[in-house]
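Undergrad: The opening position of the sequence shown corresponds to residue 413 in the working numbering, with each subsequent residue numbered one higher.
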Amino acid sequence: MRSSLIQCRTMINYGKIGLVIQREYITRVAKKSFILITLLAPVVFVLIATIPILLSQMDTGEQQVVAVIDRTGQYAPLLEDTEQYRFVVADKSANEYRSAGGEQEITAVLEITEDLGVSPKAINLFSFKTLPTGLERHINSLLSTYVTDQKIASHNIPELKEIIRTSKVEIVANTYKWSEDGAESVSSGAASSVIGLLLSFVSYMFIMLYGGMIIQSVIEEKKSRIVEVMVSSVRPFELMMGKIVGIGLVGLTQIFIWVVALIGIGLAAQFFLIGDLYSPEALAAAQSSGSLSASELQAASDIFGVMQGINFFQMIVFFVLFFIGGYLLYASVLAALGSSVSSDEDAGQLMLPVTMIMVFSLYVGMAAAENPEGNLAFWTSLIPFTSPIVMMSRLAYDVPLWEQILSLVLLFGLSILLTYFGAKIYRVGILMYGKKPSLKELWRWMNYK
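1. Quick check on the DSSP output: the beta strand (DSSP E) that includes Arg-498 runs from which residue to which?
2. Hey, Arg-498 and Gln-475 are a contact pair by Cβ (cut 8 Å); roughly how many whole angstroms apart?
3. Going by beta carbon distance, what residues of the same chain come within less than 7 Å of Tyr-742, once the five residues before and after it are set aside?
4. Roughly how far, in whole angstroms, is the beta-carbon of Leu-746 from the beta-carbon of Ile-627, given that I think they are within contact range, below 8 Å?
5. State the beta-bridge partners of Phe-538 as determined by DSSP.
6. May I ask which residues mark the beginning and end of the beta strand (DSSP E) holding Gln-475?
7. Could you give the DSSP three-state label for Asp-482: helix, strand or coil?
8. Does the Cβ-Cβ distance between Pro-784 and Leu-823 come in under 7 Å?
9. According to the Cβ coordinates, are Ile-801 and Ser-553 closer than 7 Å?
10. Just verifying my parser: in three-state terms, what is the DSSP assignment at Leu-543?
11. Can you name, in chain order, every residue of its own chain whose Cβ lies under 8 Å from the Cβ of Phe-446, other than the five neighbours on each side?
12. Looking only at its chain, what residues have a beta carbon closer than 6 Å to the beta carbon of Ile-842, apart from the 5 residues adjacent to it on each side?
13. Rounding to the nearest angstrom, what Cα-Cα distance links Met-768 and Gly-777 in this structure?
14. Ile-429 to Ile-736, Cα distance in whole Å?
15. Can you grab the Cα-Cα spacing for the pair Ser-754 / Glu-853, in whole Å?
16. Quick one: any contact between the segment 826-835 and the segment 804-815, if contact means 3 or more CB pairs under 8 Å?
17. Kindly indicate which three-state DSSP category Val-811 falls into: helix, strand or coil?
18. Would you report the Cα separation of Arg-549 and Leu-679, rounded to the nearest angstrom?
Written out as structure tokens, the structure is:
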């Protein structure tokens with residue numbers, strides 16, 4: 413009979429936690445802000461990646477006029493007009509242009525006072541506004557090439573220019589990765605670095621975002637005194653765990669939707685480019701149809717080859733596991749801290765140490781992308797407070813499985829321990845109002861029976 417009552421009470425407890433989880437989850441998922449962010453974020457990511465490229469290729473149709481003052485007479489004829497720039501022979505001196513002010517159609521004034529082969533610094537570019545780097549780059553490249561050719565020709569060695577040109581060799585090593593069974597696949601340190609940094613930033617963003625939701629929710633319920641009604645029917649531990657799990661499920665839902673959306677966008681882009689999933693035959697067909705040039709074919713082949721060499725499934729699985737562990741660790745700490753204060757200002761001060769640790773982890777993650785096997789990267793990927801972010805930078809570099817498992821064991825172990833002590837603080841602090849408790853008082857709350 414006694415065991416039946418205990419089982420019944422346990423079922424009721426689980427049912428109450430489930431109700432809190434359901435409340436926290438549905439309340440946030442049903443918000444218009446959540447729906448908009450979830451649906452628009454993948455599109456925004458794609459736009460951020462593609463819009464700069466598209467804008468750089470767009471022609472505004474407006475030519476920038478550059479007045480050329482060439483005291484040597486040998487460089488002005490080299491500056492031919494392009495779609496972006498129109499070069500005109502100056503009819504005034506540089507000082508006269510300056511005195512005329514900026515209300516003129518001249519964008520810039522280029523002044524060359526001496527032979528650049530003798531005095532490379534004898535060139536100045538004046539304007540009333542900061543010039544775009546494209547104009548500087550165009551002028552510097554054009555004149556540098558001309559002066560270099562002149563110096564080569566001055567040596568009077570037949571075909572010296574052609575000898576120098578053919579002597580330049582650019583070495584680019586092909587990088588491959590061997591699996592344990594000896595299979596060979598294309599690898600790229602640059603791609604691994606980008607993926608690692610992206611995962612670190614996403615992990616940082618999600619933990620901070622949903623960890624912040626925890627402390628905000630606790631403060632709001634405490635300030636409105638709703639929590640006093642809730643704890644009359646739900647134990648503080650059930651309320652805290654329901655809140656943590658419910659908000660965590662919101663984060664996992666958003667991650668799942670974003671992953672599916674980004675995979676769908678990637679597959680759609682692939683079909684748009686080559687009309688099929690990646691294969692040498694599909695790329696060859698795209699080239700023969702004229703939709704891809706030889707250089708674009710090689711670039712697409714290299715990109716798809718690198719992508720095939722990355723185990724995205726394993727990375728996504730471990731990303732989710734580290735997110736869950738990191739979220740539970742910080743959520744339990746933040747829930748306990750949120751319950752011990754009664755104002756947003758106090759909560760902001762308590763968030764500062766957590767934010768500093770997270771920012772430190774993000775910077776270490778950036779460093780780990782450059783040196784994933786270094787001592788700093790290794791130890792911070794095992795320490796639970798930093799591992800959810802730092803390990804993300806190392807995942808793309810084939811971290812040994814034992815390191816990943818050990819890091820997860822330490823992370824979830826400390827998360828469970830902090831949840832236990834956090835619940836002790838939460839059950840007392842949630843009904844306390846007034847000044848912030850001292851460390852001595854928090855210790856006493858943890859020891860209440």
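For every residue, glycine included, the Cβ atom is placed at its ideal position computed from N, Cα and C.
TA: Taking the coordinates as given:
1. Translated into the one-based positions of the sequence shown, residue 498 becomes position 86. Residues 497-501.
2. Residue 498 sits at position 86 when you count from the first residue of the sequence shown. Residue 475 sits at position 63 when you count from the first residue of the sequence shown. The Cβ separation is near 5 Å, so the contact holds.
3. By 1-based counting over the sequence shown, the position of residue 742 is 330. Around Tyr-742: Ile-619, Gly-623 and Val-766.
4. Along the sequence shown, one-based indexing puts residue 746 at 334. Along the sequence shown, one-based indexing puts residue 627 at 215. That pair is a contact at about 4 Å.
5. Reading the sequence shown from its first residue, position 126 is the one you call residue 538. According to DSSP, Phe-538 bridges with Val-521.
6. The residue labelled residue 475 in the question sits at position 63 within the sequence shown. Careful: Gln-475 lies outside any beta strand (DSSP E) and carries neither H nor E.
7. Within the sequence shown, the letter at position 70 stands for residue 482. Of the three classes helix, strand and coil, the one that applies to Asp-482 here is strand, per DSSP.
8. As a working note, residue 784 is residue 372 in the sequence shown. As a working note, residue 823 is residue 411 in the sequence shown. Not a contact, by the Cβ cut-off of 7 Å.
9. Translated into the one-based positions of the sequence shown, residue 801 becomes position 389. Translated into the one-based positions of the sequence shown, residue 553 becomes position 141. No. Outside cutoff.
10. As a working mapping, residue 543 is identified with position 131 in the sequence shown. Correct three-state label for Leu-543: coil.
11. Position 34 of the sequence shown, counted from the start, is the residue given in the question as residue 446. Once the five neighbours on either side are set aside, the close Cβ partners of Phe-446 are Arg-440, Val-662 and Gln-666.
12. Counted from its first residue, the sequence shown places residue 842 at position 430. Around Ile-842: Val-639, Pro-648 and Ser-751.
13. Numbered from its first residue, the sequence shown carries residue 768 at position 356. Numbered from its first residue, the sequence shown carries residue 777 at position 365. Roughly 14 Å between the two C-alpha positions.
14. Counting from 1 along the sequence shown, the entry for residue 429 is found at position 17. Counting from 1 along the sequence shown, the entry for residue 736 is found at position 324. Spanning the two alpha carbons is a distance of roughly 18 Å.
15. Here residue 754 corresponds to residue number 342 of the sequence shown, with the count starting at 1. Here residue 853 corresponds to residue number 441 of the sequence shown, with the count starting at 1. For Ser-754 and Glu-853, the distance between alpha carbons rounds to 16 Å.
16. no
17. Stepping through the sequence shown from its first residue, residue 811 is reached at position 399. Three-state DSSP puts Val-811 in coil, outside helix and strand.
18. If you number the sequence shown from 1, residue 549 lands on position 137. If you number the sequence shown from 1, residue 679 lands on position 267. Looking at the two C-alpha atoms, the distance is approximately 37 Å.
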